[in-house]
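So the structure is just underneath, and the comments pick up after that.
Chains as they are written, first to last, in my numbering: chain A, 95 to 842; chain B, 871 to 1298; chain C, 10 to 216; chain D, 19 to 317.
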C-alpha cells in the first residue's frame, strides 16, 4: 500500500440517526474540521449497497483511512470488515441517540454529542497507521514438550498427529513418569467397572516409532530464550553436553509430586512400613505381579486393608493442602479392587468423608466397587496405631460412634503437589528508583525449587503460579490463558487430574501451542486480541531506560538490552498497551493505538467556554467490559449525561497519565476511568492492566493539587460488563459532582 | 437460500454453546475453515443464562464478549443459527452433512434497532428466562445475543403483529415468507458439542416441582439472582412474590439416581455453593441457606471455595437425600421431610423456597443420532476410535463444568484438525 | 461406644455381610446402599424405630451382627413400599426388611414378645390351617396371645368394634366353627412343606 | 362394549361374612354394569399378604401365589388374573415377576407345585381391577354409564400404599396418582386434588399388633380429609377401607377427635352412580353409614 493517505468518511442515517440528528451538519464537521477528503451519507450503511459504496471507494478512489459514523463498533462488525484499511467508528446510535431522550429541549446537547464523536473519530483516524506485520516473525512448527509422563507423551503424540514435529525433554532415563510405576489405571472407557492397563508401554512404543518425535532422556532445559516462533532452547544432558534447538511453542508437562504424610504424625506413616501412600501401594502391587499382595514389614499376605482418604487435603490447617486431588477416592476404589480381584475374601474398607467419584465414570466405578464388596464407610480417622495388626481409630459418622478396626495394611490417600518451577511473582516486582543496580539481579524465587524452563525473561525464569503452586489459567472461559505467550502448562501441573483428563488436557495444550506457533508465523497476536497485527514500538531517543515497561508488562514480554532499553519481543506481546500506559515519556506506541490517537480525540472535543455552562466529562472505558456495558445501557434506553465523551481503550492499563493531565489542562471538568475488576478474583483480560491503572491513578492526586483542582474531578472505577445500570450512573454522578464543585477554571 | 462453502478440509462444529464456540474459534484461529451449527437463534448456549461462574463469581457474559468478538472478526468461521444437523454421511476426512435451517423471519439486513419489537404487542414465555419472564413475538433473545438479529416467533405469523413488525422495519429485514430450508455440505471432521439440558424436575415426583410453586430449579435460580433478570435480582417466592430468606438447596435432584440420571452431574455441588453466595449477596445475614447433600463434591482445586462456604454461619449442611417435600397449607412453605444420616435425626424442615440442584442430562439422543456412534448408558459420547472423525466436546462427552468443558473442547478441536490436516497432506 | 457383641477383629469385615447375602431374602443388595437416607425419611414408621434401613445396612457392613438381628426395626415395616419406590440405587428395601426379620426369627434372635412377629406367625399358622385366613380366629388369637385374662380384656376393648362388624355382615360368628377354607387343604400343606424343605436345604448349604 | 371375561382372585377378606365382603358385592354390581364377567379362580388360596414374612420363608410365600396363578392358568386359560385387594394383587404380581426373574426360584416353586400335580407357566398377566377400569374401559365409558351423577359430593381420594407402590397404576406417579380423582369426577362428584394424605400408609400391617402406631396414621388421614371439607373418603383398597373406617371410635377415644367419616370403595361410588340401589352398592356394609350416597341411591 502506498504511504499516501486518503481519508473517507461515511455517515449512516438509519436506525433513527437521520431523524434524531442533523446529518448534513455532521458531514460538514467531518469534512471541514475532521479533514475527511470525502464524506458520504447513506440511509442504511450496513446494507449490502452501503457496504459496496465503501468498498468501491477503497478499490476505485484509493481510500486508505475510513471513518464510519453509525452504530457501536461492536455492532455490524461483519458488515464493516475492511481489513485492508485503517478504520474508526463513531458511535452515534448506542453512544448518542439511544442514551438521550428524544425531546426538543435535549436536541441541541444531543447534536453536540454527535458532533464531538465525529470530530474524535476523524482525529483518531488521522493519527492512525495501518498496522502490518513487522517482518520479525518466522514460522517454526516444532513444538517442545518438557516432561515425558502421561501428559507430555500425550501432548507429543497429539501434536505429531497433526503433523507438527515434537521434541520431548525428560529428566529421567525413561519415558512414562509416575504412571510407569502404576499397576493399573482408573477405567477411561464404558463400562467403568474394571481397572485398565495404564497404556504407558503402548505410548512409549508409538513415540519411538514416530519420526516426527525426538526424545531427549536424562535431559533438562538449561535456558529458554526468544519468543513464540523463535524460542531458542538449550537442552542439557546429565553428561553435561548442551545442544540448542529452536521451537515455535512450548508445552510444560512436568507433573506432580505427592504430599509427604510424615508431616501428620496421627497417621503413623513413619512409624510402620505397613502404612503406605497410594503411590507406594502401586509399586507393592506391581511387585506382587498378579500373586498375593504382601505387606512390607514381614511379607505376610494382606487379608485386610484400610484406605484412609483425604489425608492432609482440603484442609484449612497450616502445612496441609487447601485443595483436593479430586481423584483419591477413585484411586482407592481401583486399589481396593487389586485386593478383591486377587482374593475376594480380602477385606477392603474405604474410610472417606465426602466420596468424590464425579461424572458418569466416577459413579459407575463407585457402584462397581460396591459390587465387589468393598466396604465404604463415612468416617473421620483420628489415629492409625502401628503394631503387628494396625489399629485404625475413627469416628463412624453414620453410626455416630467412636470406633476402630484392624488392618494388615493401611493406605493413605495423599494429595498431588504441582511440580512447577519458582513463581516469578512470589515477591512483587518493584522498581527501586535509587539503586539502578538492584534490578539487574532477578527477583528471588518463592521457594527453593529449581527452575524448569530457565526462561531468559525479564520477569523470572518460569511460568507464574496461579494458586497453591498450580500454573493454571485464572480465567474460567479460557483455561489455557497463559502469562507467558506460547508456553502452555498441561496436566497435574495446572490442576489435580487423572490420566484421562491429563490426556485431554494435553490435547488442548497441544492445540494452543500449534496455534501460537502458526500465529507467531503471521505476526498475529494471541488471545484475547487474536489476529491483531499491531505491535508496540518505541522512540529510542526519547527513552530514559526507566524500565517501567519491562517490569509492568503483565506477560513478561519485554526484556532489556545491555543498555537497559526495552526489547519488545512482538510475538510474546498481547497488545494490551500496559507498557504504553507505563511509559512516563510517551515513547511507546502501536500503529493504530497510541498516546497520540487518544490525545487527538481528547483535543478535538469542542470544550465550550465557561459561560456556556456546558461541562465536558472524559470517560475512558475498557473496551472489553465497560464499553459493552455502556452499549447495553443504550439498548435498554438508560440515559447518559450529554456532557460525557466516551473513549474506548484496549485496557485501562494502557491509559497514559498524560491523557489525564492534558484533558484537565484543556478544560475538561471531570474524568471517569472504567476498568475491570482487579485483585485476587480479577476480571481484567490483561491480568494486571486494571490493577496497574488503579495504582498509577493513585498518583493523580498530586497532579490535581498542583493544578489546584478538586481531587473528585478524577475517579477510577471497577466496572463489570453486567453494570448496565451502574456504568451510566457513575458518569451521571460525575456530572452532579461537577454541578456541585463548579466548572474547571482551565477553559479558554 | 443459504450458501455454505465447505470442503472435506472443513471442520463442522455441532452446537454453539461455550464448548462448540470454543472448538470452532480455536480451529478457526489456527487457520482452519469452520462451520458452526447452532439450534438456538444465538450462540453461547446455557452459559448466557448463568448469573455468575464459580469459583471467581465473575460474569459469563464477560468471556462471552471476547468469544463473540473473536467470532465476529474471524473470516474462517461460518455460523448457522436456528439450524440442526439432520444427517451425516461418509467417513473421517469425507463427510457430507445435511442441516435443517428453521426460518427466523428476519434476514441479515437486521440492524438490531428493535423497532419490530416495539411494534408488536403479544407476549410469550421467555425461554431465555426459563419462563420466569415474558418476551414479545418479535424479540432479541437476550441483550448480548450474537448474531445481533431479532427473531420473529412463528406464533405471530398470520396475526396483525406480524404485519406490524414487517412495516416497522425500515431495513426491510422482516421476511415473513422465509421458508425452512435444508442445506448439505462437506466436512472432513465433526466436533459434536450439543451440550446438556437441565433434568426435567417434574419427573422427581417426591419433590413436587409440578405441585408446589415455591419449589424451583437451580437454573431458574440463576435467572432470579441476576440483577438484569426477570426479578431484577430479587430472590422471591413464586407463590406470593415475598422475598425468600430461608432457602433450601437439594443436591442430586435427579442425579446419582437409577430412577432418573445414573451419573453424578459433577457441577451441582459447586453450583449450589456458588448460589449460597447469591443468597448472602442479596440478603446478608438475613438470608439462610441449607444444603441437603449425599456427598459434597467440590471440584479438586476449587475445594477451598467449599471451605469458605462452610465457614459462613448463614449456610448449614445436612447429609441427607431429602425423602419428600410437602406443603404447609397456610403459607405455601415447602416442608422438607427426611433423615440426617450422620447419626439419626429426623427432620421436617420448613423453608421459604426450595432450589432443586437438577442434574445435567446430555443432549445426545442415541436413537436420533445422525451416525452410528458409541454412547455410554448415561448418554455421553465415548472417546472411541470407532467414532472416526467425530469428536465429542464439552458436556456431550461427560458432565463437566465450564472450565473443563472448554478445556476438553480445545482438545477436541485439535483432534478435528488432525483429521483435516491428514486430508490436506494426502491431497497435497 | 462400640458394641460388645462385635469382636474387635470382626468390625468392618465382610463376614456378616456375606452371611446376610447367603441367608437373607435379597440380602445381596445390602452392599449397594450409598447411605443417602431416603428410605429412612420415607418410612411412615420412621419415628417409631431405632434403626433406619440405611443404618441397618451400615451396621451389617460394620459387622454388628447381634445388634442388627435383635433389632425390632424390621418388624415395624408396614410394607408400604415407599422406600423401594424412592431408593436411588434400586434396593428392594421392603423385602430386605422382611428377609432380615425372617432370618432373625429363624435364629431366634427376635426381641421377646415382639407383637408384629407374633401376629405374623399367628397369621401364617392361621392361613396354613385352611388355606385361607379366618379373620375372626385371627383376631381372637391375637387378643389371647398374652393369655386368657389379657385376651378377655382385649376382646372387651374391641367389643363395640366386633358388634359393628357383625351388624354390617363383615364378621361372622359362625366362622369360629370351621369357616372358610380351600378344598385341597392337605395338598396345600404338602406343597408348602416341600417349599420349606427346599429353602431349608438352601440355607444349610450356605452355613 | 364387548363382554370382558377375567380370571378373578377375590382374596380372603372378600368372602361372605369377611371384612370386605361389601367390596365384593359392589364390585360384582359394577362389573355387571360394565359387562365384565368375573370367573373366580377355583379353590384359590390366601396370598400370604406382606405380613406373612414372619412365618413363611421366601419360597413358601412365593409358592402360595404360584399355586393361584397355576390354577388360573389351568382353569381359566387365556384370561388375565384380576384382583381387587391391594395385598392380593401385589403378592401375586410380585410372585409372578420374582419367579420370572429368578430361574432357580421358578424351578423350586414348580418342584413344590408338583407335589399337587400343578404346573406354573407364569405367562398370565396379573392386574388390578382399577387397571381394567383406567386402561381397558376408560373414564369416558364410565361417564357414559352414569345415570345418577354424584353431584355436590366432595370426595377425598385415598389411594394408599399397595395399590400404588411398587407397581403403580397406568404408569402414574407414586406420589400423586390421579386416576381415583378421575373416577370420582367421572361419576359426577368433586375430587380434592390437593388431598395430601392420598398415598399415606394406613399402617394396616400393624393394626392388630401395634394399634397405637397405625391409628396415629389413620388419624392424620381422616383429619386431612376433614380439613379439605370432604364428605367421604374413597379408596380402592380393602385394608385401607377397613382400617380407616372401623377404628374411628377408638381413634376418637385416643385423640379426642369427633370423626365420623364414611369410607367407601370406588366400586360403591360407581354402582350408585350407575343407578343401582343401596343394597347392590353394599352401602349396608358401612359401619359409618354413607348417608349422602344412600340418599342418591334411594332417589
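Virtual Cβ for every residue (Gly too), placed ideally from N, Cα, C.
For residue 289 (chain A), which three-state DSSP category applies? The count along the first chain starts at 1 and reaches residue 289 (chain A) at position 195. In this structure, residue 289 (chain A) counts as coil in the three-state DSSP scheme.
By the 10 Å Cβ neighbour count, where 16 or more other Cβ atoms means buried, how is residue 1149 (chain B) classified, buried or exposed? Indexing the second chain from 1 puts residue 1149 (chain B) at position 279. Flag for residue 1149 (chain B) reads buried.
Output the boundary residues of the beta strand (DSSP E) element that contains residue 165 (chain C). Numbered from its first residue, the third chain carries residue 165 (chain C) at position 156. Secondary structure note for residue 165 (chain C): it is in no beta strand (DSSP E), and the uninterrupted alpha helix (DSSP H) holding it is 157 to 166.
So what does residue 1197 (chain B) bridge to, in DSSP terms? Taking the second chain and counting its residues from 1, the one referred to as residue 1197 (chain B) is at position 327. According to DSSP, residue 1197 (chain B) bridges with B:1204.
Using the Cα positions of residue 824 (chain A) and residue 768 (chain A), report the straight-line distance between them to the nearest angstrom. Residue 824 (chain A) sits at position 730 when you count from the first residue of the first chain. Residue 768 (chain A) sits at position 674 when you count from the first residue of the first chain. The straight-line gap from Cα to Cα measures roughly 9 Å.
In three-state terms, what does DSSP make of residue 1135 (chain B)? Residue 1135 (chain B) sits at position 265 when you count from the first residue of the second chain. Looking at residue 1135 (chain B) - three-state DSSP - the assignment turns out to be coil, as it is neither helix nor strand.
Looking at C-alpha atoms only, which residue of A:121, A:99, A:614 is the closest neighbour of residue 181 (chain A)? On the first chain, position 87 is the one that residue 181 (chain A) refers to. When only C-alpha atoms are compared, the closest one is A:99.
Rounded distance between the beta-carbons of residue 684 (chain A) and residue 629 (chain A), thought under 8 Å: On the first chain, position 535 is the one that residue 629 (chain A) refers to. On the first chain, position 590 is the one that residue 684 (chain A) refers to. Right, the Cβ-Cβ distance comes to about 7 Å (below 8 Å), so this counts as a contact.
For residue 276 (chain D), count the other beta carbons within 10 Å of its own beta carbon; 16 or more makes it buried, fewer makes it exposed. Which is it? Residue numbering aside, residue 276 (chain D) sits at position 258 when the fourth chain is read from its first letter. The residue is exposed, with fewer than 16 neighbouring Cβ atoms inside 10 Å.
Is residue 179 (chain D) helix, strand or coil when you go by DSSP? One-based indexing of the fourth chain puts residue 179 (chain D) at position 161. In the structure shown, residue 179 (chain D) sits in coil (DSSP, three-state: anything other than H, G, I, E or B).
In chain C, which residues lie less than 7 Å from residue 1076 (chain B) when you measure between Cβ atoms? Numbered from 1 along the second chain, position 206 holds the residue referred to as residue 1076 (chain B). The contacting residues are 95.
Are the region 570 to 587 of chain A and the region 208 to 222 of chain A in contact at 8 Å, needing three or more beta carbon pairs? no
Cβ of residue 202 (chain C) less than 9 Å from any chain B Cβ? Along the third chain, one-based indexing puts residue 202 (chain C) at 193. So, not an interface residue.
Could you tell me which chain D residues have their CB closer than 7 Å to the CB of residue 1081 (chain B), listed as they occur along the chain? As a working note, residue 1081 (chain B) is residue 211 in the second chain. Those are 194, listed as they occur along chain D.
Using the beta-carbon of each residue, which ones in chain C are nearer than 7 Å to residue 450 (chain A)? Position 356 of the first chain, counted from the start, is the residue given in the question as residue 450 (chain A). Going along chain C, no residue has its Cβ under 7 Å from residue 450 (chain A), so there is no contact; the nearest lies around 13 Å.
In terms of residue numbering, what span does the beta strand (DSSP E) encompassing residue 310 (chain A) cover? Locating residue 310 (chain A) in the first chain gives position 216, counting from the first residue. 307 to 310 is the extent of the beta strand (DSSP E) around residue 310 (chain A).
Determine the contact status of residue 1117 (chain B) and residue 1225 (chain B), defining contact as a CB-CB distance below 9 Å. Along the second chain, one-based indexing puts residue 1117 (chain B) at 247. Along the second chain, one-based indexing puts residue 1225 (chain B) at 355. Yes, they are a contact pair.
Within the 9 Å Cβ cut-off, does residue 1012 (chain B) reach chain C? Locating residue 1012 (chain B) in the second chain gives position 142, where the first residue counts as 1. So, not an interface residue.
Give the C-beta separation of residue 818 (chain A) and residue 723 (chain A) to the nearest angstrom, bearing in mind that I take them to be a contact with Cβ-Cβ under 8 Å. The residue you call residue 818 (chain A) lines up with position 724 of the first chain. The residue you call residue 723 (chain A) lines up with position 629 of the first chain. Correct: roughly 6 Å between the Cβ atoms.
Proximal residues, the region 46 to 80 of chain C versus chain A, C-beta separation under 7 Å: 64, 67, 68, 70, 71
Could you please give the first and the last residue of the uninterrupted beta strand (DSSP E) stretch that includes residue 159 (chain A)? Translated into positions along the first chain, residue 159 (chain A) becomes position 65. It spans 159 to 164 - the beta strand (DSSP E) in which residue 159 (chain A) sits, taken as one unbroken run.
Coil, strand or helix - residue 60 (chain C) by DSSP: Along the third chain, read from residue 1 onward, the residue named residue 60 (chain C) stands at position 51. If DSSP states are grouped into helix, strand and coil, residue 60 (chain C) belongs with coil.
Suppose the cutoff is 6 Å on Cβ atoms and the five residues either side in sequence are ignored; what does the same chain contact list for residue 164 (chain A) look like? Sequence index remark: in the first chain, residue 164 (chain A) carries index 70 (1-based). So the qualifying residues of the chain are 106, 139.
Taking only beta carbons into account, state which residues of the region 1201 to 1216 of chain B come closer than 8 Å to chain C, listed in chain order. 1207, 1208, 1209, 1210, 1211, 1214, 1216
Here's a check: name, in chain order, each residue in its chain whose Cβ is nearer than 8 Å to the Cβ of residue 273 (chain A), leaving out the five neighbours to either side. As a position in the first chain, residue 273 (chain A) is number 179, starting the count at 1. So the qualifying residues of the chain are 243, 244, 279, 292, 294, 593.
Cβ-based burial, residue 1087 (chain B) [other Cβ within 10 Å; buried from 16]: In the second chain, counting from the first residue as 1, residue 1087 (chain B) sits at position 217. By the 10 Å Cβ count, residue 1087 (chain B) comes out buried.
Beta-carbon proximity of residue 1189 (chain B) to residue 1160 (chain B), cut-off 9 Å: Sequence index remark: in the second chain, residue 1189 (chain B) carries index 319 (1-based). Sequence index remark: in the second chain, residue 1160 (chain B) carries index 290 (1-based). No; because the gap between Cβ atoms is not below 9 Å, this pair is not in contact.
Residues in the region 224 to 254 of chain D having any Cβ partner in chain C nearer than 7 Å: 224, 226, 227, 228, 231, 235
Keeping to the same chain, check which residues put their C-beta closer than 7 Å to that of residue 23 (chain D); ignore five residues upstream and five downstream. Within the fourth chain, residue 23 (chain D) is the residue found at index 5, counting from 1. Answer for residue 23 (chain D): 55, 57, 97, listed in chain order.
Find out if the Cβ-Cβ distance for the pair residue 995 (chain B), residue 1054 (chain B) is shorter than 9 Å. Position 125 of the second chain, counting from 1, holds the residue named residue 995 (chain B). Position 184 of the second chain, counting from 1, holds the residue named residue 1054 (chain B). Going by C-beta atoms, residue 995 (chain B) is not nearer than 9 Å to residue 1054 (chain B).
Pick out whichever of A:464, A:835, A:658 has its Cα sitting closest to the Cα of residue 39 (chain C). Translated into positions along the third chain, residue 39 (chain C) becomes position 30. Answer by Cα proximity: A:464.
What are the boundary residues of the beta strand (DSSP E) that includes residue 146 (chain D)? Translated into positions along the fourth chain, residue 146 (chain D) becomes position 128. Segment 144 to 146, the beta strand (DSSP E) holding residue 146 (chain D).
For the region 207 to 221 of chain D, enumerate the residues whose C-beta is nearer than 7 Å to any C-beta of chain B, in chain order. 214
Residue from C:83, C:182, C:42 whose Cα sits closest to the Cα of residue 100 (chain C): Translated into the one-based positions of the third chain, residue 100 (chain C) becomes position 91. Here the closest residue by C-alpha is C:42.
Using beta carbons (cut-off 9 Å, strictly below), is residue 26 (chain C) in contact with chain A? Looking up residue 26 (chain C) in the third chain gives position 17. Contact with chain A is found for residue 26 (chain C), since one of that chain's Cβ atoms lies less than 9 Å from the residue's Cβ.
In this structure, how does DSSP classify residue 147 (chain C) when only helix, strand and coil are distinguished? Locating residue 147 (chain C) in the third chain gives position 138, counting from the first residue. Helix at residue 147 (chain C).
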